[in-house]
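Okay, so here's the structure we're looking at.
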Amino acid sequence: MRAAALAGAAALIAGAAAAPAPQDISVVNNAKVTNTLTTTYTKTKTVKETAVSITTTTKTITATDKTIQTITTTIGSGYTGVLPTVTVTASCPAPTTVTVTRTTGSSTSVATTLTTTLLAQQVSPTGHANPGLADLAAKVRDGIYFGTAVDYPGTNAGNDPIYLNVAQDNHEFNQWTPANTMKYFATEPQNGVFDFSGGDAFMALASKNGTRRVRCHNLIWHSQVPDWVNNGNWTADSLTAVMERHIERLMLHWGDQCLHWDVVNEALADGATPGGNPWRTGSVWQRFIGPTFVEKAFRKASQVKRDNNLTVGLYYNDYSIEWPGTKTTNAAILAYNLTQAGIAIDGIGAQSHFTIGGSPPVRTFMDTLANYTNKVNQVTGKNLDVAITELDIRGTLPISREQQIQQFYDYGNATQACALTQGCVGITLWDFDDTYSWIPYTFPGQGWAHPWFLPANGTELVKKIAYDGIRNGLTNGTAL
31 MRAAALAGAA
41 ALIAGAAAAP
51 APQDISVVNN
61 AKVTNTLTTT
71 YTKTKTVKET
81 AVSITTTTKT
91 ITATDKTIQT
101 ITTTIGSGYT
111 GVLPTVTVTA
121 SCPAPTTVTV
131 TRTTGSSTSV
141 ATTLTTTLLA
151 QQVSPTGHAN
161 PGLADLAAKV
171 RDGIYFGTAV
181 DYPGTNAGND
191 PIYLNVAQDN
201 HEFNQWTPAN
211 TMKYFATEPQ
221 NGVFDFSGGD
231 AFMALASKNG
241 TRRVRCHNLI
251 WHSQVPDWVN
261 NGNWTADSLT
271 AVMERHIERL
281 MLHWGDQCLH
291 WDVVNEALAD
301 GATPGGNPWR
311 TGSVWQRFIG
321 PTFVEKAFRK
331 ASQVKRDNNL
341 TVGLYYNDYS
351 IEWPGTKTTN
361 AAILAYNLTQ
371 AGIAIDGIGA
381 QSHFTIGGSP
391 PVRTFMDTLA
401 NYTNKVNQVT
411 GKNLDVAITE
421 LDIRGTLPIS
431 REQQIQQFYD
441 YGNATQACAL
451 TQGCVGITLW
461 DFDDTYSWIP
471 YTFPGQGWAH
481 PWFLPANGTE
491 LVKKIAYDGI
501 RNGLTNGTAL
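What follows is the structure, given as structure tokens:
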């Protein structure tokens, strides 16, 4: 753990150092809550319970409050025995000694399991942060956005008022990305038969209760391609014509409603070696057209943009290009070669799907983003834009207290890297709420990847401590 802990995380880290296996206790002082205590009770065999003392440093009670705060949590309905209590007492000012005493009054006891969800501290008593994430991003540089992917249509997200209450809050998000509804399978399900209904519904929802810019995603990808494309008997020329038609129809339909288009998604190979083949193999585009499909796709998008006086930015988008390596170098070379050939490419999208503890340090991430902008500058004298396009940070379940604190730093590092890179135009979360996350389906046993969660059905969404990490990153609060 870093020596200089951030405000909000410092007390939690200090508590961890003071006791080898601490139980996390929250102290509630009127309307101020820094984190919550979730207590689960189950009926078990008779056990002896003794007092346990935990010494921790906390900022949950202000130094000016000299009274003793006592909170008693009792078991609710469903247990017929003598009800034990958990009493937490704390005296001010900090540092505070917290004593937890468990008592029983019958031969049958109740085993108490204490687990903690660390919540965001930088919120008002009503739970609404002001300024929100989009507000803070705009203060970094004029025009910087902070957004989220929304999987609608396709999930219930667009009909979920609890979800939309946050998604449509312009203080938090002033940009949306369609998670699936503009992909090839959804927009051209049959050869030459286009279906824009899902994308139009998304655009309508994105513009409701505010104005949100939309990163349109995506035109050409190896995945989520309809069977008629994957199983067709193509020549290079016939598949190129189909690909170009698809690009043109989508770009013309949505025009400058799209802030950006991810023209080509994930065409570079994982594990490529210097001087070796840089391209992902096996896709229908590679099999029939070859690696020139990337150049042809961008050339067509560039032509459509020019001929129709569009302002939409044309992006190459990929994962694992956020730190130095062969794939990252190949992404920079791709942008350089397109620019040198006179083909428009306006930006690189760094997806940024990370694991807790597995994201690049701020300085490394900054240098990588800056390298993309500088590479094209060598040709045009104009920097290439970069964006963090699909940010999430997942962990192995169940998520521990230590993982939550590390996630706080990881989100802070990623957002600060963009904040400190002149060419970074915005950050998009790949959804913000665990309810509609793609992570558990793609990575079984993993989750907790997003800054909000739903404690129980019918409740409002709650911000995790990861939210504070994002806020600190946007305000340059996370240490390098």
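In terms of the numbering used here, the sequence shown is residues 31 to 510.
Heads up, the beta-carbon is just placed ideally off N, CA and C, and yes, glycines get one too.
Quick caveat, the model's predicted, so the values are computed rather than measured.
Exercise for review: Might you give, ordered along the chain, the residues of its own chain that have their beta carbon closer than 7 Å to the beta carbon of Pro219, omitting 5 neighbours on each side?
Suggested key: Asp225 and Pro256
Exercise for review: Can you give me the Cβ contacts of Lys78 inside the same chain, cut-off strictly under 7 Å, excluding the 5 residues immediately before and after it?
Suggested key: With a pLDDT of 29 at Lys78, under the threshold of 50, the predicted position of this residue should be treated as unreliable, though the coordinate-derived value follows. So no residue of the chain qualifies.
Practice item. Indicate whether Gly285 and Leu340 have their beta-carbon atoms separated by less than 8 Å. Key: yes
Practice item. Take Tyr441 as the anchor and find which of Pro390, Ala168, Cys288 and Thr217 has the nearest alpha-carbon. Key: Pro390
**Study point:** Where Tyr471 falls, given that 16 or more other Cβ within 10 Å makes a residue buried
**Key:** exposed
Review point. What three-state label does DSSP hand Gly411 in the structure shown?
Key: coil
**Study point:** Residues that Trp482 bridges to, as DSSP identifies them
**Key:** Asp463 and Lys493
Exercise for review: With DSSP as the reference, please indicate the residues paired to Ser422 in a beta bridge.
Suggested key: One detail in the question is off: residue 422 reads as Asp in this sequence, not Ser. According to DSSP, Asp422 bridges with His383.
Check your understanding: So His480 packs on Leu459, CB below 8 Å; how close in whole Å?
Key -> 7 Å
**Study point:** Contact check, Thr356 vs Ala302, beta carbons under 8 Å
**Key:** yes
Check your understanding: Near Leu269, what residues of its chain come up, given a Cβ to Cβ distance below 6 Å and the 5 sequence neighbours on each side ignored?
Key -> Phe318 and Ile319
Check your understanding: Can you check whether the CB of Val455 is closer than 8 Å to the CB of Asp397?
Key -> no
Check your understanding: Among the residues of its own chain, which have a CB less than 6 Å from the CB of Ile250, if the five just before and after it don't count?
Key -> Val294 and Ala327
Review point. Tyr497 to Gly475, Cα distance in whole Å?
Key: 23 Å
Review point. Are there 16 or more other CB atoms within 10 angstroms of the CB of Ser253, so buried, or fewer, so exposed?
Key: exposed
Point to revise | Pick from His283, Asn263 and Arg336 that is closest to Gly372, judged by C-alpha positions | key: Arg336
**Study point:** Heavy atom of the ligand NAD within 7 Å of Cys454 beta-carbon
**Key:** Questions concerning the ligand NAD fall outside what the structure shown contains, since it holds no ligand whatsoever.
Point to revise | Neighbour-count burial assignment, Gln446, 16 or more Cβ in a 10 Å radius | key: buried
Check your understanding: Gln370: buried (16+ other C-beta within 10 angstroms of its C-beta) or exposed?
Key -> exposed
Review point. Looking at C-alpha atoms only, which residue of Lys494, Leu282, Asp172 and Arg329 is the closest neighbour of Arg431?
Key: Lys494
Point to revise | Length at least 3, wholly inside the stretch 166 to 208: the beta strand (DSSP E) runs in chain order | key: 175 to 180 and 205 to 208
Check your understanding: Is the stretch 196 to 209 touching the stretch 175 to 187, taking contact as three or more C-beta pairs under 8 Å?
Key -> yes
Exercise for review: Mind reading off the beta-carbon distance from Ala365 to Ile375? Whole number of angstroms is fine, and I expect it under 8 Å.
Suggested key: 5 Å
Check your understanding: Along the chain, which unbroken stretches of the alpha helix (DSSP H) at least 4 residues long are found entirely within the stretch 292 to 344?
Key -> 314 to 318 and 322 to 337
Exercise for review: Would you list the residues sitting across from Gln476 in a DSSP beta bridge?
Suggested key: Thr426
**Study point:** Nearest neighbour of Leu280, chosen from Pro304, Asn248, Ala299 and Glu352 [CA to CA]
**Key:** Asn248
Practice item. Pull up the distance between the alpha-carbon of Asn239 and that of Pro191, whole angstroms please. Key: 13 Å
Exercise for review: Starting from the Cα of Arg393, find the closest Cα among Ile174, Pro354, Asn413 and Thr403 and give me that residue.
Suggested key: Pro354
Review point. Roughly how many whole angstroms lie between the Cα atoms of Asp165 and His201?
Key: 6 Å
Check your understanding: Would Asp464 pass as a contact of Gly453 if the rule is Cβ separation under 8 Å?
Key -> no
**Study point:** Residues near Val314 in its chain [Cβ-Cβ closer than 8 Å; skip 5 each side]
**Key:** His252, Val255, Val259, Asn260, Gly262, Trp264 and Leu269
Check your understanding: Below 8 Å between beta carbons: does that hold for Ile386 and Gln333?
Key -> no
Check your understanding: When DSSP labels each residue in this structure, what does Ala234 get in the three-state scheme?
Key -> helix
Check your understanding: Among Asn502, Thr451, Leu163 and Phe483, which has the Cα closest to the Cα of Leu148?
Key -> Phe483
Review point. Roughly how many angstroms separate the alpha carbons of Gly312 and Ala297, rounded to a whole number?
Key: 11 Å
Check your understanding: If you follow the beta strand (DSSP E) that Arg243 is part of, which residue opens it and which one closes it?
Key -> Arg243 to Trp251
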